[in-house]
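Working notes for the structure below.
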Amino acid sequence: GIDVADDISDFVQWKIKSLCTEAAYEDIGDIETEKFKNATKKFHKVFNMSMDEKLVIYYSCSFWRGRVPRQGYLYLSVNYLCFYSGLLGKEITIVIKFTDIIVNI
Numbered sequence: 001g002i003d004v005a006d007d008i009s010d011f012v013q014w015k016i017k018s019l020c021t022e023a024a025y026e027d028i029g030d031i032e033t034e035k036f037k038n039a040t041k042k043f044h045k046v047f048n049m050s051m052d053e054k055l056v057i058y059y060s061c062s063f064w065r066g067r068v069p070r071q072g073y074l075y076l077s078v079n080y081l082c083f084y085s086g087l088l089g090k091e092i093t094i095v096i097k098f099t100d101i102i103v104n105i
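Just so you know, UniProt numbering puts 11 at position 11 of the sequence shown, and the rest follows in order with no gaps.
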């Protein structure tokens with residue numbers, strides 16, 4: 001039989017890789033390109049990722065734990081979902097491999 005978790009994982013990885021390919025062919029302008037290059041450098045440095053790990057997109061967002069939200073950035077790469085916040089002297093880093101995400105169907 002077909003394993004649903006493997007199918008979902010394969011689909012997510014395929015979708016992210018297709019976004020990478022699509023982004024490679026878009027002209028997003030010099031300013032956005034520079035911002036993305038800086039975000040890519042930060043992604044590799046903060047999360048200690050190999051240079052082979054391609055950043056697909058990043059978003060400004062908040063992470064809620066307890067009572068206070070932490071403003072930071074969500075980074076989506078080909079294989080990982082990562083969050084970083086470095087405000088008020090407290091750093092939060094979260095790294096989740098897409099293949100570790102479990103779906104209950």
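Don't be surprised by glycine CBs; every beta carbon is placed ideally from N, CA and C.
Chain-order list of residues whose beta-carbon lies under 8 Å from that of Phe-98 (same chain, five-residue window excluded): Ser-9, Val-12, Gln-13, Ile-16, Asn-79, Tyr-80, Leu-81
What do you reckon, are the CB atoms on Leu-74 and Phe-83 nearer than 8 Å? Here Leu-74 is near Phe-83, since their CB atoms are less than 8 Å apart.
What are the uninterrupted segments assigned as alpha helix (DSSP H) that are 4 or more residues long and contained completely in the segment 22 to 91, given in chain order? 29 to 46
Identify, in the order they occur along the chain, each residue of the same chain with its Cβ nearer than 6 Å to the Cβ of Ile-92, setting aside the five sequence neighbours on each side. Arg-70, Ser-85
Supposed close pair Phe-63, Leu-55 - CB separation, criterion 8 Å: Rounded, the Cβ-Cβ distance is 19 Å, inconsistent with contact.
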